[in-house]
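Reviewing the structure listed below.
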Amino acid sequence: MAAPVEQRIAVPIDDPNADTEWNEILRKHGVIPEKPPSPTPMIEEAIAEAHRLAYENRLEGKDLSDLDDLEDLEDEAFLEQYRQKRLQELSALQKKSTHGAVYPISKPEYSREVTDASQTSPVLVNLTSSQGNTNVESRVLSDLWRQAAREYGEVKFCEMRADKAIENYPERNTPTILVYSKGDIAKQVVTLATVGGVRMNMLDLDKLLVEVGAVKDNDMRVAKRRRAAEDAAEEKAASANKGIKSSSDRVTGGDDGDDWD
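When we follow our numbering, the leftmost residue of the sequence shown carries the number 5, and every step to the right adds one.
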């Protein structure tokens, strides 16, 4: 006698992902798998988060006076929250601001003022030219050194003549930037050739400070200078484009085509 043939009931399934009463019954009994979660809520959440970050980041780099100028344009509660955040950042910076000026050092002081001091935070040393103002790069860096020391009071900036620090140090290698961290040289920059040359500015020095960990990339002072530079570049580009259009209009006679009538 032949073995009985197992009979299966064909279950009609049109679309297993459709939200139908029949599919709910099938899912309940394990006939079809649970419907995968819709990606829509996750996408919407990601978009909302991106909008939120963009909304907040538009205020990055603005100081308290800039925030005051935005009172008529921004949400009052959000602006006040951001103002309090700025005040907290300023308070923290003031507490850490223990320097504020360039330290001229001598060789006997070097170990204490630089090597030992770098155990707690980076110390930057400017080895200057022995030729004074005749070395343009050395003069440029000394000016930037003083400005940076005033702005970044939590960072220690030192300065010393190169030939006094290192015997027979080549004049052609000045100025030289030495960055000490944890008692060792973490970075050195010989002349300003790689950091802007005689055109080196605070933006270039900011990049160096961020690179060596002396300040954070999102530091309000760094962000403000960066944003100001970006705004200036945009204005310059817009002005250049306007000038090109004006020149083109003069050559073509503008948009008026009456001359051809």
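Yeah, the Cβ is synthetic: ideal placement off N, Cα and C, and Gly gets one too. Remember, it's a predicted structure, so these values are computed and weren't measured experimentally.
Asked: What does a CB cutoff of less than 7 Å around P38 pick up in its chain, not counting 5 residues either side in sequence?; Found: The displayed chain sequence assigns Glu, not Pro, to residue 38. Cβ neighbours of E38 beyond the five flanking positions: R31.
Asked: Per DSSP, what are the beta-bridge partners of Q192 in this structure?; Found: L182
Asked: Beta-carbon within less than 8 Å of L207's beta-carbon, same chain only, minus the 5 sequence neighbours each way: which residues are those?; Found: R229, R230, A233
Asked: Measuring CA to CA, which of V219, N222, Q123, K211 is closest to I189?; Found: Q123
Asked: Taking Cβ positions, are L182 and L131 nearer each other than 8 Å?; Found: yes
Asked: Please report the distance separating the alpha-carbon of R148 from that of G217.; Found: Looking at the sequence shown, residue 148 is not Arg but Leu. About 18 Å.
Asked: According to the Cβ coordinates, are S133 and T178 closer than 8 Å?; Found: yes
Asked: Mind reading off the beta-carbon distance from A105 to K160? Whole number of angstroms is fine, and I expect it under 8 Å.; Found: Going by Cβ atoms, the distance from A105 to K160 rounds to 10 Å, so no, they are not a contact pair.
Asked: When you compare each of T119, R150, I36, V194 to A166 by their alpha carbons, which one comes out closest?; Found: V194
Asked: In angstroms, rounded to a whole number, what distance separates the CA positions of A244 and A236?; Found: 12 Å
Asked: Please report how far the alpha carbon of G157 lies from the alpha carbon of V140, in whole angstroms.; Found: 26 Å
Asked: Distance check for E49 and G34, CA to CA, integer angstroms please.; Found: 31 Å
Asked: Sort out for me which residues DSSP pairs P108 with in a bridge.; Found: E163
Asked: Would you decide whether F117 is buried or exposed? Buried here means 16 or more other CB atoms lie within 10 Å of its CB.; Found: Per the sequence shown, the amino acid found at residue 117 is Glu instead of Phe. The residue is buried, with at least 16 neighbouring Cβ atoms inside 10 Å.
Asked: CA-CA distance, P112 and L213?; Found: 26 Å
Asked: When the distance is taken between beta carbons, is M204 closer than 8 Å to V144?; Found: yes
Asked: DSSP state of N137, grouped into three classes?; Found: helix
Asked: Can you look up N177 in the DSSP assignment and give me helix, strand or coil?; Found: helix
Asked: Is it the case that the Cβ atoms of V199 and D210 are separated by a distance below 8 Å?; Found: no
Asked: Could you spell out the range, first to last residue, of the beta strand (DSSP E) harbouring N222?; Found: Run containing N222: none; DSSP gives neither H nor E here.
Asked: Once DSSP output is grouped into helix, strand and coil, what is the label at V129?; Found: strand
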